[in-house]
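Q: I have a structure here, written as structure tokens, and I will follow up with some questions on it.
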Amino acid sequence: MADSILVDIIGNVLSSLGSYAIQQIGLPCGVKGELRKMETNFSAIKKLLLDAAKQQMSNCAEKEWLETLKFILYDAEDLLDELDEFATETKKRQVESLMRKVHYFFTSSNPLVFRYVVGRKIRDIGKRLDEIVLQMNALPWLIQINRREETSPFLNTVRVIGRDADKEKLVWLLLSSCDEENVAIIPIVGMGGLGKTTLAQLVYNDDRIQNHFTKRLWVSVSNDFDVRKILIQLLQVGDLNGGTSYSNEGLEQLQNRVRDLLRKDKFILFLDDVWNEDCVEWKKLEDLLITQARGSRIVVTTRSKTVASIVRTSTVEPYELRGNDFLTIKGAISQTIPETVRHVSFHLNTYCSFPRPLMEAKKLRTIIYPSNTEHTLESPVEPAIASFRSLRVLEGLRLPKNIGKLKFLRYISINAPYNLPNSLCMLLHLQYLDLSRSYVCGLPEDFYKLIKLRFLALRTTLTRLPKEGIGRLISLRTLFFYRCDNLESLGEGIEHLPCLRDLALLSCSKLVSLPAGFRHLERLEIDLCKSLNLSEDDDLKGLISLKKLGLIRLPRLVNLPKGLLDAAATLTHLEIGGCENFTSPSESVLPNLLSLQSLTIWWCHKVASLPKGMQRLTKLQDLRICHCGLNYTSRYREGGEDWHKIAHVAAMNCLLSYVCSALLLCVVMELEFSGRCVGAGVLGDGRAYSIHLV
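Taken in order, the sequence shown gives residues 334 to 1027; the numbers are from my numbering.
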């Protein structure tokens, strides 16, 4: 199976190669033809990888080819980032030169020297790319691009290198605590080409596995997840007599045969290369298998984390297989770090200093520290980070003062509270900045320069945001304010951000107002903002693109403001919850939100009824009212005085819940709901009730 992540990286490289700035840089370097050829080669490779997306790579040459491609891509991406950075700096110098009438030739970043060095790098990558394209044409998977051969549990004669540790861990996992539950399902998950099938074969053929399990079974599933076919394969591999045909038997008969096969003996079943992400289909197979012999095991290999989460049993984590460019550190390391390592994750409770061997891995692209790591020393780690000039992802550490040197960083997430260094604003490629797990005392003066930032989560002690700050981040799509306890205003310009689609204000207790006119906003959530009053007519005005709105735990919210009518043509989901003083979903507002598909109101005890005109909401499919006033019970039953308001929703999905103050029971009136009934009865006043799991 070809690697989808490589396809994504190639997409990024092709996008950069096609940019105007890169093409202009290519001209003075004298390598415009090289860049064009590079673009052609990468396009051809991308097409091959997409065509071969579901091929099984058992050939060593194929895996080696992918590894080579991966490192060419890493180098190409680094180089193109350098070119983009150079183009930006050149444009900046030209502007400064015109303003000052001075031309600087002898600088620390001499353009002529840079072009020479870059030209050499481009030719080198182009040469390596030519070689890999020639190799590509001889790959077995290219010849059999549409053919998916079934795998078997038996290894070929080639000796497998580099999976001994993974095999030992997996064998231990399979043999430990075998009698604690009926059947445990263990997924092996990882990108295409990492050797999941090979690892499963190694485990299948291990002597300890053979001695422990009475039956060993192997089924090659691939992308055709057909329960009936899987059962037939299972019976065929488990048939001691051999040669029996099951193709004419029905599903029920096949299920009975599988029960007979697996009922008595402890078994281990390998389901190789599972692609199915339909949990209903998987459940049909799982329900049959997990009720068999106690202590049995099922191993599922898949490249999809979604599949892994669906098939896993609750007590067993998926076994994640990584390539040799990943390194997980769980303790002190003294050995040399392989040159192939690009991504490092630390699984430590404490750290005192950055591992010295890791300092030599200058091409690292990812460094992740867990959020619960205890920083026992402050100084040795942060300065070390700045030496990794190719870094794209940094999580869990303080930012060093010279963080600006890491010009290719895309993703930053930090834990510790402190002031952000102003050099952060030199990271012109930064797209994701998560500060929600750390209190920052303020934003750097030049924060507005992060023009490629798409995601920002902020937790700050500021009272007001700086004038020239967030409001000038023209690429920002998602903005979260979390526990900004002192924040009274969002500042200027945020409402005009052209790309902003998601805004969340969570636990901003002193925030008193919102600016009007978020014309491009599609999703807005406001939760636990105790001082915010949105009941004026002008509140929530100008939200002409809004699709989803959540107003949660707002004690000053009394009704829906008329300004919300600006979203009448677009708003599809509305949730109001935990608003203790909310009395009515305004007759002049709610019935006029004609695009509304889902309405949820919960824990709003002062809401006595739904407004007139609800029947105009013809697109409403989902209505949920939970823990509100008691008057609903009679009024909204079929035939009740207000039944006509919601009758059109009954054929869709309508769940009304009420609080019984005397019995503290949740009474559910079910019009048509897919929940599972877990209880029913009659209250003291004679009213029937049923309780459903939602």
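For every residue, glycine included, the Cβ atom is placed at its ideal position computed from N, Cα and C. Remember, predicted model here, so these are calculated numbers, not experimental data.
Would you call Ser-642 buried or exposed, if buried means 16 or more other Cβ atoms sit within 10 Å of its Cβ?
A: Translated into the one-based positions of the sequence shown, residue 642 becomes position 309. Exposed, since its Cβ has fewer than 16 Cβ neighbours within 10 Å.
Q: Are the C-beta atoms of Phe-419 and some chain B residue less than 8 Å apart?
A: You won't find chain B in this structure, because it holds only one protein chain.
Q: Quick test of your reading: Phe-721 and Leu-732, contact by CB under 8 Å. State the CB separation rounded to the nearest angstrom.
A: As a working mapping, residue 721 is identified with position 388 in the sequence shown. As a working mapping, residue 732 is identified with position 399 in the sequence shown. Not quite, the Cβ-Cβ distance comes to about 13 Å (not below 8 Å), so this is no contact.
Q: Can you tell me the Cβ-Cβ gap for Gly-775 and Asn-752, rounded? I've got them flagged as a contact below 8 Å.
A: Walking along the sequence shown from the start, residue 775 turns up at place 442. Walking along the sequence shown from the start, residue 752 turns up at place 419. That pair is a contact at about 6 Å.
Q: In terms of residues, what are the limits of the alpha helix (DSSP H) holding Glu-585?
A: The count along the sequence shown starts at 1 and reaches residue 585 at position 252. First-last of the alpha helix (DSSP H) with Glu-585: 584 to 595.
Q: Using a threshold of 8 Å, state whether the C-beta atoms of Leu-798 and Leu-783 are closer than that.
A: Walking along the sequence shown from the start, residue 798 turns up at place 465. Walking along the sequence shown from the start, residue 783 turns up at place 450. Cβ atoms of Leu-798 and Leu-783: not closer than 8 Å.
Q: Just to confirm my understanding: we take Ala-790, look at its own chain, exclude 5 residues before and 5 after, and list those with CB closer than 7 Å. What are they?
A: Position 457 of the sequence shown, counting from 1, holds the residue named residue 790. Hits under 7 Å: Asp-767, Leu-768, Ser-769, Phe-813 and Tyr-815.
Q: Since I believe Ala-719 is in contact with Arg-630 (beta carbons under 8 Å), could you give me their beta-carbon distance rounded to a whole number of angstroms?
A: Stepping through the sequence shown from its first residue, residue 630 is reached at position 297. Stepping through the sequence shown from its first residue, residue 719 is reached at position 386. Actually they are not in contact, since the Cβ atoms of Arg-630 and Ala-719 sit about 47 Å apart, beyond 8 Å.
Q: Work out the CA separation of Trp-976 and Thr-916 for me, nearest whole Å.
A: Position 583 of the sequence shown, counting from 1, holds the residue named residue 916. Position 643 of the sequence shown, counting from 1, holds the residue named residue 976. So the alpha carbons of these two residues sit roughly 20 Å apart.
Q: For Asn-914, tell me which candidate among Lys-895, Gly-962, Ser-878 and Met-947 has the shortest Cα-Cα distance.
A: Here residue 914 corresponds to residue number 581 of the sequence shown, with the count starting at 1. It is Gly-962 whose Cα lies nearest to the Cα of Asn-914.
Q: Quick check on the DSSP output: the alpha helix (DSSP H) that includes Ile-565 runs from which residue to which?
A: Here the question's residue 565 lines up with position 232 in the sequence shown. That run of the alpha helix (DSSP H) goes 560 to 571.
Q: Where does the unbroken alpha helix (DSSP H) through Ser-642 begin, and where does it stop?
A: Within the sequence shown, numbered from 1, the residue matching residue 642 stands at position 309. First-last of the alpha helix (DSSP H) with Ser-642: 638 to 644.
Q: Between which two residues does the alpha helix (DSSP H) containing Lys-500 stretch?
A: Looking up residue 500 in the sequence shown gives position 167. Per DSSP, Lys-500 belongs to the alpha helix (DSSP H) from 497 to 508.
Q: Name the DSSP beta bridge partners of Arg-856, please?
A: For the purposes of this step, residue 856 is taken as the residue at position 523 of the sequence shown. According to DSSP, Arg-856 bridges with Asp-835 and Lys-881.
Q: With a threshold of 8 Å, are at least 3 pairs of Cβ atoms found where one atom belongs to the stretch 593 to 605 and the other to the stretch 613 to 630?
A: Yes, they touch.
Q: In the DSSP assignment, what residue or residues form a beta bridge with Gly-910?
A: Counting from 1 along the sequence shown, the entry for residue 910 is found at position 577. The partner list for Gly-910 (beta bridge, DSSP) reads Ile-885 and Trp-935.
Q: Kindly indicate which three-state DSSP category Lys-403 falls into: helix, strand or coil?
A: Taking the first residue of the sequence shown as 1, we reach residue 403 at position 70. Lys-403 falls in the helix class under three-state DSSP.
Q: Taking Ile-343 as the reference, which of Gly-366, Phe-404 and Lys-365 has the closest Cα?
A: Here residue 343 is taken as the residue at index 10 of the sequence shown, counted from 1. For Ile-343, the nearest C-alpha among the options comes from Phe-404.
Q: Tell me, to the nearest whole angstrom, how far the beta carbon of Glu-869 is from that of Val-845; I am working on the premise that it is less than 8 Å.
A: As a first step, residue 869 is located in the sequence shown; it is residue number 536 there, counting from the start. As a first step, residue 845 is located in the sequence shown; it is residue number 512 there, counting from the start. No, Glu-869 and Val-845 are not in contact; Cβ-Cβ is about 12 Å, not under 8 Å.
Q: Have a look at Leu-867, Ile-877 and Leu-887 and flag the residue whose alpha-carbon is nearest the alpha-carbon of Asp-860.
A: Residue 860 sits at position 527 when you count from the first residue of the sequence shown. The candidate whose alpha carbon is nearest that of Asp-860 is Leu-887.
Q: DSSP state of Ile-465, grouped into three classes?
A: One-based indexing of the sequence shown puts residue 465 at position 132. The answer is helix: DSSP assigns Ile-465 an H, G or I state.
Q: Leaving out five residues before and five after Asp-818 in sequence, what residues of the same chain have Cβ atoms less than 8 Å from its Cβ?
A: Taking the first residue of the sequence shown as position 1, residue 818 is located at position 485. Taken in chain order, the residues that qualify are Thr-794, Ser-840, Cys-841, Ser-842 and Lys-843.
Q: With distances taken between CB atoms, is the gap from Gln-566 to Leu-595 smaller than 8 Å?
A: Stepping through the sequence shown from its first residue, residue 566 is reached at position 233. Stepping through the sequence shown from its first residue, residue 595 is reached at position 262. No, the Cβ-Cβ distance between Gln-566 and Leu-595 is not below 8 Å.
Q: Contact defined as beta carbons within less than 8 Å: I believe Val-570 pairs with Leu-550. What is the distance between those atoms, to the nearest angstrom?
A: In the sequence shown, the residue the question calls residue 570 occupies position 237. In the sequence shown, the residue the question calls residue 550 occupies position 217. Their Cβ separation, rounded to whole angstroms, is 5 Å, which keeps Val-570 and Leu-550 in contact under 8 Å.
Q: Which partner residues does Glu-728 have in the DSSP bridge list?
A: Working through the sequence shown from its first residue, we reach residue 728 at position 395. DSSP lists Ile-701 and Ser-746 as partners of Glu-728.
Q: Please report the residue range of the alpha helix (DSSP H) in which Tyr-537 lies.
A: Your numbering for residue 537 matches position 204 in the sequence shown. Taken as a continuous stretch (DSSP letters only), the alpha helix (DSSP H) holding Tyr-537 covers 529 to 537.
Q: Could you give the residue range of the beta strand (DSSP E) that holds Ile-601?
A: The residue labelled residue 601 in the question sits at position 268 within the sequence shown. Per DSSP, Ile-601 belongs to the beta strand (DSSP E) from 600 to 607.
Q: Is it buried or exposed, Tyr-449, if we count other Cβ atoms within 10 angstroms and call 16 or more buried?
A: Position 116 of the sequence shown holds residue 449. Counting Cβ neighbours within 10 Å, Tyr-449 comes out exposed, since fewer than 16 surround it.
Q: Quick one: what's got a C-beta closer than 7 Å to Lys-597's C-beta in the same chain, skipping five residues either side?
A: Locating residue 597 in the sequence shown gives position 264, counting from the first residue. For Lys-597, where only same-chain residues beyond five positions count, the Cβ hits under 7 Å are Ala-626.
Q: Going by the DSSP bridge assignment, what does Phe-814 pair with across the sheet?
A: Translated into the one-based positions of the sequence shown, residue 814 becomes position 481. DSSP lists Leu-791 and Leu-838 as partners of Phe-814.
Q: Since His-676 is in the beta strand (DSSP E), which residue starts that stretch and which ends it?
A: Counting from 1 along the sequence shown, the entry for residue 676 is found at position 343. Here the beta strand (DSSP E) through His-676 covers 676 to 679.
Q: Give me the Cβ distance between Thr-639 and Pro-520, rounded to the nearest whole Å; I'm assuming they're in contact under 8 Å.
A: Within the sequence shown, the letter at position 306 stands for residue 639. Within the sequence shown, the letter at position 187 stands for residue 520. 11 Å between Cβ atoms; not a contact.
Q: Contact check, Lys-1085 vs Arg-856 under 8 Å by CB: the rounded distance?
A: Only positions 334 to 1027 of the chain appear in this structure, which leaves residue 1085 out of reach.
Q: Short of 6 Å in beta carbon distance, which residues of its chain neighbour Phe-788, apart from the five on each side in sequence? Order them along the chain.
A: In the sequence shown, the residue the question calls residue 788 occupies position 455. The residues are Tyr-765 and Thr-811.
Q: Determine the DSSP secondary structure at Thr-373, reduced to helix, strand or coil.
A: Translated into the one-based positions of the sequence shown, residue 373 becomes position 40. If DSSP states are grouped into helix, strand and coil, Thr-373 belongs with the helices.
Q: Could you compute how far the alpha carbon of Leu-402 sits from the alpha carbon of Ile-465?
A: As a position in the sequence shown, residue 402 is number 69, starting the count at 1. As a position in the sequence shown, residue 465 is number 132, starting the count at 1. Roughly 7 Å separates the two Cα atoms.
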